[in-house]
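Under mature numbering (1 follows the signal peptide of the UniProt record, and there is no 0), residues -22 to -1, 1 to 271 are what the sequence shown spells out, in order.
Think of the CB as a built atom: it goes at the ideal place given N, C-alpha and C, for glycine as much as any other residue.
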Amino acid sequence: MKKTVKLAFASTLLISAVPTNATTLNIQWLGASTLIFEFGDIQIITDPALGVGEKAYRMADPNENFDLSVGPMVKDHRRMQSLPAITPKEWDFILLSHSHEDHFDQVARRDLDKELPIIAPSADKELLTELGFSKQTLLDWGDTWQVSENGFKVSVTTLPAFHSENPKVLSLLGAGNGYWLEFVKDDYKKTVYWSGDSFITNSVLAALTPLGNIDLFIPHIGAVGVYRPLGKIAMDSNDAMMAIEQLQPERTLPIHHSTYDLFIEPVSVLMDKAVAADVYVDVIAPGAWLMIR
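So, in structure tokens, the structure goes:
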């Protein structure tokens, strides 16, 4: 793992960068866990959360005290950052880690083209069918799906994801996926591990080990639920730093922070720890592009 810190909030290069026609994997962060992967003519959007304002989405609030036998109160959540400009007509498919509303919000469910292909956990079949999404690819852990266009190839392999390290809480939160992505064009190959809302458990490590080196690790952070009845249901900075040490990625792009008041721990805490440990971390602003050459 490279031992250089790169904090892109301070980098005008990454904030203003525009994708090129070279063999490059271009990744844009739109906020929350929503990314655009652009590889050649292939565009993928992950976990589309497109609502804005004080009522960006509606979901139970795991950061409040509540009776576990009753469940948390459902409420509106605000988006604290603007949504960058988007071009849905250019997207080839949606990659969904799970269907919690901070990942797949009411605006996305309502407004996205129902013929846009969507790759999702098998557990979300009923919801997607009710919403009218007609082109579903439902994947269980270990499944692989591939797409190619003009020599650019993308493969998606589904990995275990554990939204909590407490088995009882995990059963309440439902199933989700992590994803291993490979981007290949001629002799160009880059690998990405996108964790989804998961802790890096022994089961996750066992699934990752045979896959080889990680060029880009994308952890979901934010310390959601910490100190509340469900407990921590998203990695905090300590979990992320431990994961980086275990996985030894070339680069790390943390997401699932800053966009919503749902996210408890500021990303600056991880930034400070990365600087202290001399670890390579990219933290980019909403709308910024990260280029992987």
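With distances taken between CB atoms, is the gap from residue i to residue j smaller than 8 Å?
{"i": "D214", "j": "F177", "result": "no"}
{"i": "F195", "j": "I233", "result": "no"}
{"i": "G29", "j": "A101", "result": "no"}
{"i": "I199", "j": "E243", "result": "yes"}
{"i": "V134", "j": "F17", "result": "no"}
{"i": "P99", "j": "H76", "result": "yes"}
{"i": "P26", "j": "I72", "result": "yes"}
{"i": "M19", "j": "F130", "result": "For clarity, residue 19 is Asp in the given sequence; the question names Met instead. A contact, by the Cβ cut-off of 8 Å."}
{"i": "M58", "j": "D239", "result": "yes"}
{"i": "V147", "j": "I192", "result": "no"}
{"i": "T230", "j": "Y205", "result": "no"}
{"i": "L74", "j": "I97", "result": "yes"}
{"i": "N144", "j": "G209", "result": "yes"}
{"i": "T12", "j": "I23", "result": "yes"}
{"i": "R271", "j": "T2", "result": "yes"}
{"i": "L159", "j": "Q224", "result": "no"}
{"i": "residue 288", "j": "G154", "result": "The structure shown does not extend to residue 288, since the chain is modelled only from -22 to 271, so the question has no answer here."}
State buried or exposed for residue i, treating a residue as buried only when at least 16 other CB atoms are found within 10 Å of its CB.
{"i": "G174", "result": "buried"}
{"i": "K103", "result": "exposed"}
{"i": "A255", "result": "exposed"}
{"i": "T(-19)", "result": "Low confidence applies to T(-19): its pLDDT is 39, below 50, so where it sits in the model is not reliable enough to give any reading."}
{"i": "I262", "result": "buried"}
{"i": "K92", "result": "exposed"}
{"i": "V48", "result": "exposed"}
{"i": "E42", "result": "exposed"}
{"i": "N180", "result": "exposed"}
{"i": "A63", "result": "exposed"}
{"i": "M220", "result": "exposed"}
{"i": "T(-11)", "result": "With a pLDDT of only 31 at T(-11), under 50, the local geometry of the prediction cannot be trusted, and the value read off the model is given with reservation. The residue in question, T(-11), is exposed, as its Cβ has fewer than 16 Cβ neighbours within 10 Å."}
{"i": "K(-21)", "result": "Its pLDDT being 41, under 50, K(-21) is placed unreliably in this model, and the value from its coordinates should be taken loosely. The residue in question, K(-21), is exposed, as its Cβ has fewer than 16 Cβ neighbours within 10 Å."}
{"i": "S236", "result": "buried"}
{"i": "V253", "result": "exposed"}
{"i": "P188", "result": "exposed"}
{"i": "S142", "result": "buried"}
{"i": "D89", "result": "exposed"}
{"i": "L105", "result": "exposed"}
Give me the DSSP bridge partner(s) of residue i.
{"i": "D54", "result": "R36"}
{"i": "S126", "result": "K131"}
{"i": "M269", "result": "N4"}
{"i": "P99", "result": "L117"}
{"i": "H20", "result": "The amino acid at residue 20 is misidentified as His; the sequence shows Ile. For I20, which the question treats as bridged, DSSP gives the partners F17."}
{"i": "I72", "result": "I23 and I96"}
{"i": "Y166", "result": "K163"}
{"i": "I233", "result": "H198"}
{"i": "Y171", "result": "W158 and F195"}
{"i": "residue 293", "result": "Residue 293 is absent from the structure shown; the chain starts at -22 and stops at 271."}
{"i": "T136", "result": "Y157"}
Span of the beta strand (DSSP E) holding residue i?
{"i": "L208", "result": "It is not in any beta strand (DSSP E) - L208 carries neither H nor E in the DSSP assignment."}
{"i": "Q237", "result": "Here residue 237 is Thr; the residue named in the question, Gln, does not match the sequence. First-last for T237: undefined, no H or E at that position."}
Counting along the chain, where does the alpha helix (DSSP H) carrying residue i start and finish?
{"i": "L225", "result": "S215 to L225"}
{"i": "L248", "result": "V245 to A255"}
{"i": "A86", "result": "Q84 to D89"}
{"i": "K146", "result": "P145 to L151"}
{"i": "residue 280", "result": "No answer is possible for residue 280: the residues shown for the chain start at -22 and end at 271."}
- Item | Stretch pair the region 58 to 69 + the region 163 to 172: three plus CB contacts closer than 8 Å | no
- On the three-pair Cβ rule with 8 Å, is the region 105 to 119 touching the region 4 to 15? no
- Message: Under 8 Å: do the region 82 to 92 and the region 30 to 49 share three or more Cβ pairs, one atom per stretch?
- Response: yes
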